[in-house]
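Asks:
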Amino acid sequence: MNIAILGAGVSGLVLARRLIERGLSPDDLTLFEAGPVAGGLCRSKEVDGFTYDVSGGHILFSKDAPTMQWLKDCAGGDEAFVERNRNTKIRFDDRWVHYPFENGLGDLPDGPKFDCLKGYVEAWHAREIEAREGHSKAPHDFASWIRWRFGDGIAEHFMDPYNEKIWKRPLSEITSGWVAGRVPDAPIDDVLRAAIGIRTEGYTHQAVFYYPKRGGFQAITDGLASTLTDRIRLNTRVEHVVRSGETWKVNGEDFDRVVNTIAMNELPSIVEGI
Numbered sequence: 004m005n006i007a008i009l010g011a012g013v014s015g016l017v018l019a020r021r022l023i024e025r026g027l028s029p030d031d032l033t034l035f036e037a038g039p040v041a042g043g044l045c046r047s048k049e050v051d052g053f054t055y056d057v058s059g060g061h062i063l064f065s066k067d068a069p070t071m072q073w074l075k076d077c078a079g080g081d082e083a084f085v086e087r088n089r090n091t092k093i094r095f096d097d098r099w100v101h102y103p104f105e106n107g108l109g110d111l112p113d114g115p116k117f118d119c120l121k122g123y124v125e126a127w128h129a130r131e132i133e134a135r136e137g138h139s140k141a142p143h144d145f146a147s148w149i150r151w152r153f154g155d156g157i158a159e160h161f162m163d164p165y166n167e168k169i170w171k172r173p174l175s176e177i178t179s180g181w182v183a184g185r186v187p188d189a190p191i192d193d194v195l196r197a198a199i200g201i202r203t204e205g206y207t208h209q210a211v212f213y214y215p216k217r218g219g220f221q222a223i224t225d226g227l228a229s230t231l232t233d234r235i236r237l238n239t240r241v242e243h244v245v246r247s248g249e250t251w252k253v254n255g256e257d258f259d260r261v262v263n264t265i266a267m268n269e270l271p272s273i274v275e276g277i
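Residue 4 is where the sequence shown starts when you use the working numbering, and the numbers rise one by one after that.
1. Check P164 in the structure and name its three-state DSSP category.
2. So the candidates are A129, I23, N5; which of them puts its Cα closest to the Cα of L231?
3. Just mark H138 as buried or exposed, buried being the case when its beta carbon has 16 or more other beta carbons within 10 Å.
4. Does the separation of the CB atoms of R20 and C77 fall below 9 Å?
5. Suppose the cutoff is 7 Å on Cβ atoms and the five residues either side in sequence are ignored; what does the same chain contact list for V57 look like?
6. Report yes if the C-beta distance between W251 and V241 is below 9 Å; otherwise report no.
7. If you run the structure through DSSP and keep just helix, strand and coil, what is W151?
8. Ignoring anything shorter than 4 residues, give me the alpha helix (DSSP H) runs that lie fully in the region 164–199, in order along the chain.
9. For a quick check, are the C-beta atoms of S247 and D257 less than 9 Å apart?
10. So the alpha helix (DSSP H) D225 belongs to, where does it begin and stop?
11. Please report the residue range of the alpha helix (DSSP H) in which P69 lies.
12. Tell me whether H143 is buried or exposed, calling it buried when 16 or more other Cβ atoms sit within 10 Å of its Cβ.
13. List the residues that DSSP assigns as beta-bridge partners of N263.
14. Name the one or two DSSP bridge partners that F35 has.
15. Indicate whether the contact test is met: 3 or more Cβ pairs, each with one atom in the region 128–135 and one in the region 106–118, closer than 8 Å.
16. Quick test of the definition: if touching needs 3 or more C-beta pairs under 8 Å, does the region 187–203 touch the region 88–108?
17. Would you kindly work out how many angstroms separate the C-alpha atoms of S65 and K168, rounded to a whole number?
18. At the level of alpha carbons, what is the spacing between G60 and A189?
19. Taking C-alpha atoms, which residue in I157, D193, I149 lies nearest to T178?
20. Rounded to whole angstroms, how far is the Cβ of I277 from the Cβ of G10, which I believe are closer than 8 Å?
21. Find the nearest neighbour of L227 within the set W151, V40, E125, L174, judged by alpha-carbon distance.
22. Just to confirm before moving on: does the CB-CB distance between Q209 and R89 stay below 9 Å?
23. Does the beta carbon of T250 sit closer than 9 Å to a beta carbon anywhere in chain D?
24. Please report the residue range of the alpha helix (DSSP H) in which H128 lies.
25. Looking only at C-alpha atoms, which of E269, N238, V245, G219 sits nearest to V50?
26. In chain order, what residues of the same chain lie with their CB nearer than 8 Å to the CB of P173, ignoring the 5 residues before and after it?
27. For F161, is the classification buried or exposed, using 16 other Cβ atoms within 10 angstroms of its Cβ as the cut-off for buried?
28. Please return the same chain residues whose Cβ sits closer than 8 Å to the Cβ of W99, not counting the five positions on each side in sequence.
29. I believe A7 touches F53 by the beta-carbon criterion, under 8 Å. Please report the beta-carbon distance rounded to the nearest angstrom.
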């Protein structure tokens, strides 16, 4: 079985390592990477003695403890990482608000606090009625999902402006299928406690996180790539992929299987027949 993996970012590297761990010979793997180093969006660079993650500041956390430990072991083990407790705040007008936002309602001025709490309770109550009547279903678009889940107050004061800044497009154009596990989702009791000043901690699996001591976040992908160096073709952009009978050709080379990890919007110009 000869497999081509398009892209040597964290997805491609993890896939390659796991296939080898499950018995595939390294000689049967080829990773195509357009850049000069592996790592993709997890790459880091050094400028004037400081290390920067090129796609924003990353942290390592997971609900899946074995998977997180596996990643740490690939990059030098526990001793290669620092452990930190989250201390994240959101700037709101003239003050700092505890993160996640719905766990920090007690930090808000009275007006926005009332708007957010009222909307949250109304949204919760509407979902309870939907569930009892047997037609509870999350909206398809992200803008509607925010109001369905958090209510108008949190949507208007935080979720809408924050996410429009992040995504750079109307939230109604974004689907909601990705939000599970990615958007903090506090129980209503925690929100009520927070609103009256009782501190609650949301998104608890992220409350403790890890970061490499040296090399930026790329230390993780460097660790993943360390046993694959002769299987990664750097500076090799995938120009053409085509099905050929029961096999595939990648840049004219035959493979039994092809796995894509590069940006989906690049595929139509690369894969023949899409």
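Glycine residues also receive a C-beta, built at the ideal position from the N, C-alpha and C atoms.
Replies: The structure says:
1. Position 161 of the sequence shown, counted from the start, is the residue given in the question as residue 164. Here P164 sits in helix by DSSP.
2. For this step, residue 231 is matched to residue 228 along the sequence shown. Ranking the options by Cα distance to L231, first place goes to I23.
3. Residue 138 sits at position 135 when you count from the first residue of the sequence shown. Classification for H138: exposed.
4. For the purposes of this step, residue 20 is taken as residue 17 along the sequence shown, with counting starting at 1. For the purposes of this step, residue 77 is taken as residue 74 along the sequence shown, with counting starting at 1. A contact, by the Cβ cut-off of 9 Å.
5. Counted from its first residue, the sequence shown places residue 57 at position 54. Within the same chain, Cβ atoms closer than 7 Å to the Cβ of V57 are found at R46, S47, K48, the five residues on either side in sequence being excluded.
6. As a first step, residue 251 is located in the sequence shown; it is residue number 248 there, counting from the start. As a first step, residue 241 is located in the sequence shown; it is residue number 238 there, counting from the start. Their beta carbons are not under 9 Å apart, which means W251 does not touch V241 by this criterion.
7. If you number the sequence shown from 1, residue 151 lands on position 148. In the structure shown, W151 sits in a helix (DSSP, three-state: H, G or I).
8. Entirely contained in the region 164–199, the alpha helix (DSSP H) runs reaching 4 residues are, in chain order, 191–198.
9. What you label residue 247 is simply residue 244 of the sequence shown in a count that begins at 1. What you label residue 257 is simply residue 254 of the sequence shown in a count that begins at 1. Between S247 and D257, the gap from beta carbon to beta carbon is short of 9 Å.
10. Here residue 225 refers to the residue found at position 222 of the sequence shown. That run of the alpha helix (DSSP H) goes 221–228.
11. Your numbering for residue 69 matches position 66 in the sequence shown. Taken as a continuous stretch (DSSP letters only), the alpha helix (DSSP H) holding P69 covers 68–77.
12. In the sequence shown, the residue the question calls residue 143 occupies position 140. Exposed, by the Cβ-count rule.
13. In the sequence shown, the residue the question calls residue 263 occupies position 260. Answer is L9.
14. What you label residue 35 is simply residue 32 of the sequence shown in a count that begins at 1. Paired residue(s): L9, R236.
15. Proximity of the region 128–135 to the region 106–118 falls short of the contact definition, fewer than three beta-carbon pairs being nearer than 8 Å.
16. Segments in contact, yes.
17. Numbered from its first residue, the sequence shown carries residue 65 at position 62. Numbered from its first residue, the sequence shown carries residue 168 at position 165. Taking the straight line from one Cα to the other gives about 25 Å.
18. The residue you call residue 60 lines up with position 57 of the sequence shown. The residue you call residue 189 lines up with position 186 of the sequence shown. If you take the alpha carbons of G60 and A189, they lie about 24 Å apart.
19. For the purposes of this step, residue 178 is taken as the residue at position 175 of the sequence shown. When each option's Cα is compared against that of T178, the closest is I149.
20. As a working note, residue 277 is residue 274 in the sequence shown. As a working note, residue 10 is residue 7 in the sequence shown. Beta-carbon to beta-carbon, I277 and G10 are separated by about 17 Å, too far to satisfy the 8 Å threshold.
21. Sequence index remark: in the sequence shown, residue 227 carries index 224 (1-based). L227 has its Cα closest to that of V40, out of W151, V40, E125, L174.
22. If you number the sequence shown from 1, residue 209 lands on position 206. If you number the sequence shown from 1, residue 89 lands on position 86. Taking the C-beta atoms as reference points, R89 is found nearer than 9 Å to Q209.
23. The chain inventory of the structure shown lacks chain D, comprising one protein chain alone.
24. The count along the sequence shown starts at 1 and reaches residue 128 at position 125. Residues 113–135.
25. Walking along the sequence shown from the start, residue 50 turns up at place 47. Comparing alpha carbon positions, the residue from E269, N238, V245, G219 closest to V50 is G219.
26. Taking the sequence shown and counting its residues from 1, one reaches residue 173 at position 170. Beyond the five residues adjoining it in sequence on each side, P173 comes within less than 8 Å, by CB distance, of A146, E167 in the same chain, given in chain order.
27. Residue 161 sits at position 158 when you count from the first residue of the sequence shown. Label assigned to F161: buried.
28. Position 96 of the sequence shown, counted from the start, is the residue given in the question as residue 99. The residues are K92, I93, D110.
29. By 1-based counting over the sequence shown, the position of residue 7 is 4. By 1-based counting over the sequence shown, the position of residue 53 is 50. Actually they do not touch by this definition, with Cβ atoms about 36 Å apart.
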